[in-house]
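Engineer: These protein sequences, in sequence, are chains A and B. When the letters of the first sequence are read in order and numbered with the working numbering, they come out as residues 238 to 492. When the letters of the second sequence are read in order and numbered with the working numbering, they come out as residues 238 to 492. Idealized CB from N, CA, C, for every residue including glycine.
There are 2 protein chains.
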Amino acid sequence: MSSRDVSPPGVVSAIPLEGLPELEESDDLALLLHAAAARAGGLRDADVVVVAQKAVSKVEGRVVRLADVEPSARAIELAGPDGDPRQVETILRESVDVVRSRPPLVIAETRHGFVCASAGVDASNTPAEDTVVLLPLDPDASARRLRERLVALAAVDVGVIVSDSFGRAWRQGTTDVALGVAGITPLLDLRGTADARGRELETTQIAVADEIAAAAELVLGKARSVPAAIVRGVDVRGDGSAAELVMPRERDLFR
Amino acid sequence: MSSRDVSPPGVVSAIPLEGLPELEESDDLALLLHAAAARAGGLRDADVVVVAQKAVSKVEGRVVRLADVEPSARAIELAGPDGDPRQVETILRESVDVVRSRPPLVIAETRHGFVCASAGVDASNTPAEDTVVLLPLDPDASARRLRERLVALAAVDVGVIVSDSFGRAWRQGTTDVALGVAGITPLLDLRGTADARGRELETTQIAVADEIAAAAELVLGKARSVPAAIVRGVDVRGDGSAAELVMPRERDLFR
Chain A
238 MSSRDVSPPG VVSAIPLEGL PELEESDDLA LLLHAAAARA GGLRDADVVV VAQKAVSKVE
298 GRVVRLADVE PSARAIELAG PDGDPRQVET ILRESVDVVR SRPPLVIAET RHGFVCASAG
358 VDASNTPAED TVVLLPLDPD ASARRLRERL VALAAVDVGV IVSDSFGRAW RQGTTDVALG
418 VAGITPLLDL RGTADARGRE LETTQIAVAD EIAAAAELVL GKARSVPAAI VRGVDVRGDG
478 SAAELVMPRE RDLFR
Chain B
238 MSSRDVSPPG VVSAIPLEGL PELEESDDLA LLLHAAAARA GGLRDADVVV VAQKAVSKVE
298 GRVVRLADVE PSARAIELAG PDGDPRQVET ILRESVDVVR SRPPLVIAET RHGFVCASAG
358 VDASNTPAED TVVLLPLDPD ASARRLRERL VALAAVDVGV IVSDSFGRAW RQGTTDVALG
418 VAGITPLLDL RGTADARGRE LETTQIAVAD EIAAAAELVL GKARSVPAAI VRGVDVRGDG
478 SAAELVMPRE RDLFR
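#1: Exposed or buried, what is E307 (chain A) when buried is set at 16 or more other beta-carbons lying within 10 Å of its beta-carbon?
#2: Could you say if the segment 285 to 304 of chain A and the segment 374 to 390 of chain A meet the contact criterion of at least three C-beta pairs nearer than 8 Å?
#3: Which two residues bound the contiguous beta strand (DSSP E) that contains L269 (chain B)?
#4: Out of B:K291, B:V471, B:A310 and B:V293, which has the shortest C-alpha to C-alpha gap to L424 (chain B)?
#5: What residue from B:S402, B:V393, B:R348 and B:A392 has the CA that sits closest to D359 (chain B)'s CA?
#6: Using the C-alpha atoms, what's the distance from D377 (chain B) back to A479 (chain B)?
#7: Excluding the 5 residues preceding and the 5 following V249 (chain A) in the sequence, name in chain order all residues of the same chain whose CB lies nearer than 8 Å to its CB.
#8: I need the boundaries of the alpha helix (DSSP H) containing I328 (chain A), first residue and last residue.
#9: Give, in chain order, every residue of the segment 299 to 321 of chain B whose Cβ lies closer than 8 Å to some Cβ of chain E.
#10: Whose Cβ in chain B lies nearer than 7 Å to the Cβ of V471 (chain A)?
#11: Which class does D476 (chain B) belong to by DSSP, given the choice of helix, strand or coil?
#12: Give the secondary structure of A316 (chain B) by DSSP, where H, G and I count as helix, E and B as strand, and everything else as coil.
#13: Determine, for P253 (chain B), whether the minimum Cβ-Cβ distance to residues of chain A falls below 7 Å.
#14: Tell me whether the segment 340 to 347 of chain B and the segment 319 to 329 of chain B touch, counting them as touching only if at least three CB pairs, one residue from each stretch, are closer than 8 Å.
#15: Determine the extent of the alpha helix (DSSP H) in which S379 (chain A) is found, giving its start and end residues.
#16: State the DSSP-derived secondary structure class of L342 (chain A), mapped to helix, strand or coil.
#17: If you run the structure through DSSP and keep just helix, strand and coil, what is Q409 (chain B)?
#18: Classify D214 (chain B) as helix, strand or coil using the three-state DSSP reduction.
#19: Apart from the five residues just before and just after A251 (chain B), which ones in its own chain have a Cβ nearer than 7 Å to its Cβ?
#20: Would you say G475 (chain A) faces chain B, with C-beta separation under 7 Å as the test?
#21: Under a three-way DSSP split, which group does W284 (chain A) fall into?
#22: Within 7 Å (strictly less), CB to CB, does Q409 (chain B) reach chain A?
#23: Measure the beta-carbon distance from V399 (chain A) to L280 (chain A) and round it to whole angstroms, keeping in mind my assumption that it falls under 8 Å.
#24: Quick one: measure Cβ to Cβ for P373 (chain B) and E297 (chain B), integer angstroms, because I've assumed they're closer than 8 Å.
#25: Residues of chain A with CB closer than 9 Å to the CB of R492 (chain B), please, in chain order.
#26: Excluding sequence positions up to five away, which residues of its chain have a Cβ less than 6 Å from the Cβ of V397 (chain A)?
#27: Tell me the DSSP secondary structure of V369 (chain A) in three-state form.
#28: Would you identify the three-state DSSP class for G417 (chain B), choosing helix, strand or coil?
#29: Going by Cα to Cα distance, which pick from A:I421, A:S462, A:V463 and A:R428 is closest to V445 (chain A)?
#30: For a contact meaning CB atoms closer than 7 Å, what does R339 (chain B) contact in chain A?
#31: Can you give me the start and stop residues for the beta strand (DSSP E) that D401 (chain A) sits inside?
#32: Check the Cβ-Cβ distances between S247 (chain A) and every residue of chain B, and say whether any is below 7 Å.
#33: In three-state terms, what does DSSP make of V300 (chain A)?
#34: I'd like to check one pair, D282 (chain A) with V370 (chain A): are the Cβ atoms closer than 7 Å?
#35: So what's V468 (chain A) in DSSP terms, helix, strand or just coil?
#36: Helix, strand or coil: which one does DSSP assign to A292 (chain A)?
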């Protein structure tokens, strides 16, 4: 079935981008995504291409060999008896603040302002033994670079989200969220909008980029090799930054 | 286009259920959802019907007239100069704990264990002036009742999620999450699963019910009258409870 049949009006679809190779540093990810999208029927205006952070980090060379890491005393303490102090040292170097810790678990604030487990440092699905993958240095810039190439290759106006799986306070399990965006408005602002009875809406801002990332995760899977998806049917074209999704420190009741 | 065309293999779709009337207490919500689903091409095995909490609460009569509420001293204090003490009193009655407050904002733990703004008490899109809508008493039970009727009416094995828009610590904007589930496994447990290189996955549990709720929100909208959606293409059939999505207090670093 052609992808032309996928999205009748009002329907939102998440379409997996399959058949990408195992990614390595300097791979042309945009070209690989374009080819996978072509196999899925092609990109269209207002599509959002959601790419897992790990795919982006791998092609950007954001990989650390633990053998090269000298752990500090603090890393050894935070790792506890069950953690790897070299991995915790890597987490600390990616962090501006440790929000909570319970060895070997570290919840940290990254340089980007994200609060997440291990500052996003991940030891699964890495390119080689004894390596860890870091978050992209600037996920918005990563998204912008991918978007520019995709727009040029496909000649359509698509958005890009770089996504990752984050845990949440108070709730079990991870959901995917947007770390970087390009060509979209990540936060849908309903302030000033009235409900059916003319009363102003209380839920005034919807983190639509996070919801798009979550919808994409439903087709990404963690163990299969599907690092990206198209989300079609939500027109959120705009010029936002994932920084809009970070709660400003002065408004944050949980830091 | 018939809904048969909506979901090729591997694609996940969120299909809005439109044309429901303004809901009132004792309305037959399952019958209304069934009719709306029939207009959208019908339900199929493994579909998940996501219903906004407010729709469920309205038909269950979970509505409070503020004129009937006598605020306590604590409610008056927490409301501050800008809040409505009667609304805060209603929030306190729905809560087992106030997690954070900054008048008039109250982040509370509900009787169900959910940590959210205003204990889920909402003053927008209510049935009448000066009323607020509460969360269902037992959202899993609400989901089970809806599911039983839908399975009987449509003769297919569908799941049901009762969803609501929750804010998050550290991130701006709301995303929809599952308050109640029936006929599905809300938490996808990957513990013991290995990555491509044989290393056990670190992100071990995915809150798939929350991601399905988020995907549905993309077609629900807040100001339009679309209180429900079908999410098709994720087979999460099972026998779980939304309680699985609540972080046990002893593991919670943020309470």
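Structural biologist: The relevant details are as follows:
#1: Position 70 of the first sequence holds residue 307 (chain A). Under the 10 Å beta carbon count, E307 (chain A) is surrounded by fewer than 16 other beta carbons and is classified as exposed.
#2: Cβ pair count under 8 Å is three or more, so yes.
#3: Residue numbering aside, residue 269 (chain B) sits at position 32 when the second sequence is read from its first letter. Bounds of any beta strand (DSSP E) do not take in L269 (chain B); it lies within the alpha helix (DSSP H) bounded by L266 to R276.
#4: Here residue 424 (chain B) is taken as the residue at index 187 of the second sequence, counted from 1. Of the candidates B:K291, B:V471, B:A310 and B:V293, the one whose C-alpha sits nearest the C-alpha of L424 (chain B) is B:V471.
#5: Your numbering for residue 359 (chain B) matches position 122 in the second sequence. Nearest C-alpha to D359 (chain B): B:S402.
#6: Position 242 of the second sequence, counted from the first residue, corresponds to residue 479 (chain B). Position 140 of the second sequence, counted from the first residue, corresponds to residue 377 (chain B). Straight across, the Cα-Cα distance linking A479 (chain B) with D377 (chain B) is about 7 Å.
#7: Walking along the first sequence from the start, residue 249 (chain A) turns up at place 12. Counting only Cβ-Cβ distances below 8 Å, and skipping sequence neighbours, we find A452, V468, R469, G470 and V471.
#8: Reading the first sequence from its first residue, position 91 is the one you call residue 328 (chain A). Start and end: P322 to R330.
#9: As a matter of chain content, chain E is missing from the structure shown, whose protein chains are A and B.
#10: One-based indexing of the first sequence puts residue 471 (chain A) at position 234. Against chain B, the beta carbon of V471 (chain A) has neighbours under 7 Å at L455, listed in chain order.
#11: Along the second sequence, read from residue 1 onward, the residue named residue 476 (chain B) stands at position 239. Here D476 (chain B) carries a coil assignment [DSSP, helix/strand/coil].
#12: For the purposes of this step, residue 316 (chain B) is taken as residue 79 along the second sequence, with counting starting at 1. Three-state DSSP puts A316 (chain B) in a helix.
#13: Within the second sequence, the letter at position 16 stands for residue 253 (chain B). Under the Cβ criterion of 7 Å, P253 (chain B) is counted among the residues facing chain A.
#14: Touching, yes.
#15: Residue 379 (chain A) sits at position 142 when you count from the first residue of the first sequence. Note, S379 (chain A): alpha helix (DSSP H), P376 to A391.
#16: In the first sequence, counting from the first residue as 1, residue 342 (chain A) sits at position 105. Strand.
#17: Your numbering for residue 409 (chain B) matches position 172 in the second sequence. Residue state, collapsed to three classes: strand.
#18: Given a span of 238 to 492 for chain B in the structure shown, any question on residue 214 (chain B) remains unanswerable.
#19: Reading the second sequence from its first residue, position 14 is the one you call residue 251 (chain B). Around A251 (chain B): A452, A453, L455, V456, A466 and V468.
#20: One-based indexing of the first sequence puts residue 475 (chain A) at position 238. Chain B has no Cβ within less than 7 Å of the Cβ of G475 (chain A).
#21: Indexing the first sequence from 1 puts residue 284 (chain A) at position 47. Going by the sequence as given, residue 284 (chain A) is Asp instead of Trp. DSSP places D284 (chain A) in coil when its eight states are reduced to three.
#22: In the second sequence, counting from the first residue as 1, residue 409 (chain B) sits at position 172. Yes, contact with chain A.
#23: The residue you call residue 399 (chain A) lines up with position 162 of the first sequence. The residue you call residue 280 (chain A) lines up with position 43 of the first sequence. Under the criterion of beta carbons closer than 8 Å, V399 (chain A) and L280 (chain A) do not qualify as touching, at roughly 17 Å.
#24: To locate residue 373 (chain B), count along the second sequence from 1; it is residue 136. To locate residue 297 (chain B), count along the second sequence from 1; it is residue 60. Their Cβ separation, rounded to whole angstroms, is 6 Å, which keeps P373 (chain B) and E297 (chain B) in contact under 8 Å.
#25: Within the second sequence, residue 492 (chain B) is the residue found at index 255, counting from 1. Per Cβ cutoff of 9 Å: A406 and W407.
#26: As a first step, residue 397 (chain A) is located in the first sequence; it is residue number 160 there, counting from the start. The beta carbon of V397 (chain A) is closer than 6 Å to those of V286, A380, L383, R384 and A419 in its chain, skipping five residues each way along the sequence.
#27: What you label residue 369 (chain A) is simply residue 132 of the first sequence in a count that begins at 1. V369 (chain A): strand per DSSP, three-state reduction.
#28: Position 180 of the second sequence, counted from the start, is the residue given in the question as residue 417 (chain B). Three-state DSSP puts G417 (chain B) in a strand.
#29: In the first sequence, counting from the first residue as 1, residue 445 (chain A) sits at position 208. Residue A:I421 is the option with its Cα nearest to V445 (chain A).
#30: Residue numbering aside, residue 339 (chain B) sits at position 102 when the second sequence is read from its first letter. Among the residues of chain A, those whose CB is under 7 Å from the CB of R339 (chain B) are L490, following chain order.
#31: If you number the first sequence from 1, residue 401 (chain A) lands on position 164. Per DSSP, D401 (chain A) belongs to the beta strand (DSSP E) from G396 to F403.
#32: For the purposes of this step, residue 247 (chain A) is taken as residue 10 along the first sequence, with counting starting at 1. Note that residue 247 (chain A) is Gly in the sequence shown, not Ser. Under the 7 Å criterion on CB atoms, G247 (chain A) is classed as interfacial with respect to chain B.
#33: Looking up residue 300 (chain A) in the first sequence gives position 63. Strand.
#34: By one-based count along the first sequence, residue 370 (chain A) stands at place 133. By one-based count along the first sequence, residue 282 (chain A) stands at place 45. Their beta carbons are not under 7 Å apart, which means V370 (chain A) does not touch D282 (chain A) by this criterion.
#35: As a position in the first sequence, residue 468 (chain A) is number 231, starting the count at 1. V468 (chain A) falls in the strand class under three-state DSSP.
#36: Counting from 1 along the first sequence, the entry for residue 292 (chain A) is found at position 55. Here A292 (chain A) sits in helix by DSSP.
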